[in-house]
Amino acid sequence: MRFDTKYVTKAALIAAMYVVLILVQMIPAASFTFGAVQLRLAEGLTLLPFVEAAAIPGVFLGCLISNIILAGVSGLGLVDVIGGSLVTLAAAYLTSKAKNKYLAAVPPVLLNGLIVSIWVSYYTNMPYGITVLGIAGGEALSVFLFGGLVLYVYERSKIFRRF
Numbered sequence: 345m346r347f348d349t350k351y352v353t354k355a356a357l358i359a360a361m362y363v364v365l366i367l368v369q370m371i372p373a374a375s376f377t378f379g380a381v382q383l384r385l386a387e388g389l390t391l392l393p394f395v396e397a398a399a400i401p402g403v404f405l406g407c408l409i410s411n412i413i414l415a416g417v418s419g420l421g422l423v424d425v426i427g428g429s430l431v432t433l434a435a436a437y438l439t440s441k442a443k444n445k446y447l448a449a450v451p452p453v454l455l456n457g458l459i460v461s462i463w464v465s466y467y468t469n470m471p472y473g474i475t476v477l478g479i480a481g482g483e484a485l486s487v488f489l490f491g492g493l494v495l496y497v498y499e500r501s502k503i504f505r506r507f
């Protein structure tokens, strides 16, 4: 894999989109961005590694930057900054290896639901099972609805294919 200017630029743009989506969503819906129920529109970008290799570092860096910026708001601290970002990186890598776009949606939903719920349930004093349902459910909505739309636009856009 070549790490040329186009690759780095795509990764940076995807990271920036992730951060902007999180920050814009924080204004009206902060309670649904962090906690036992997480509905992050930015997580829809986790489908991009299926069609774009630069999205792997892009969504990871976007998640990392967002988690750093909002560490005080989430109340989950360093464990979420590092752990949540690494879960996103693992999910992005596994998504890039998926056989089809439906299977590509599975890693972000499962990994976030099962792993992120460990510390979220601890810090929010919510039962682990309920936290898994809340986080996986929010992730599934983000990935299948918004991510499906992102993938649809990306696959049909002449601008993105040329870039």
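According to our numbering, the sequence shown holds residues 345 to 507 in order. All residues carry an ideal CB built from backbone N, CA and C; glycine is no exception.
Residue range of the unbroken alpha helix (DSSP H) whose run includes Pro452: For Pro452, the uninterrupted alpha helix (DSSP H) run begins and ends at 450–455, by DSSP.
Outcome for Ile308 when other beta-carbon atoms lying within 10 angstroms are tallied against a minimum of 16: This structure leaves residue 308 out entirely; the chain is present only between 345 and 507.
Under a Cβ-count criterion, where at least 16 other Cβ atoms within 10 Å of its own Cβ denotes burial, should Pro471 be classed as buried or exposed? Exposed, because fewer than 16 other Cβ atoms sit within 10 Å of the Cβ of Pro471.
Assuming contact is defined by CB atoms lying nearer than 8 Å, are Leu408 and Ser429 in contact in what I supplied? The Cβ atoms of Leu408 and Ser429 lie closer than 8 Å to each other.
Go through its chain and collect everything with a Cβ distance to Ala373's Cβ below 8 Å, but skip five positions before and after it. Confidence at Ala373 is low in this model, with a pLDDT of 49, below 50, so its placement is unreliable and no value can be given for it.
So Ala480 is in the alpha helix (DSSP H); what residue range does that whole segment cover? Its alpha helix (DSSP H) spans residues 472–485.
Pop quiz: Leu455 and Val423 are said to be a contact at Cβ under 8 Å. What is the actual Cβ separation, rounded to whole angstroms? Between Val423 and Leu455 the Cβ distance is about 15 Å, and since that is not below 8 Å, they are no contact.
For Leu458 and Leu477, what's the separation of their Cα atoms in angstroms? Rounded to whole angstroms, the gap between the alpha carbons of Leu458 and Leu477 is 9 Å.
The alpha helix (DSSP H) that contains Thr468, what's its start and end? It spans 461–468 - the alpha helix (DSSP H) in which Thr468 sits, taken as one unbroken run.
Measure from the alpha carbon of Gly492 to the alpha carbon of each residue in Ala360, Ile412, Tyr446, then state which is nearest. In this structure, Tyr446 is the residue among Ala360, Ile412, Tyr446 with its C-alpha nearest to the C-alpha of Gly492.
Ala442 (DSSP reduced to helix, strand or coil): In the displayed model, Ala442 falls within coil according to three-state DSSP, outside both helix and strand.
Bounding residues of the alpha helix (DSSP H) (the contiguous stretch that carries Glu499): Glu499 -> alpha helix (DSSP H) spans 492–500.
Between Glu499 and the rest of its own chain, which residues show a CB-CB distance below 6 Å, the 5 nearest in sequence each way excluded? Hits under 6 Å: none found.
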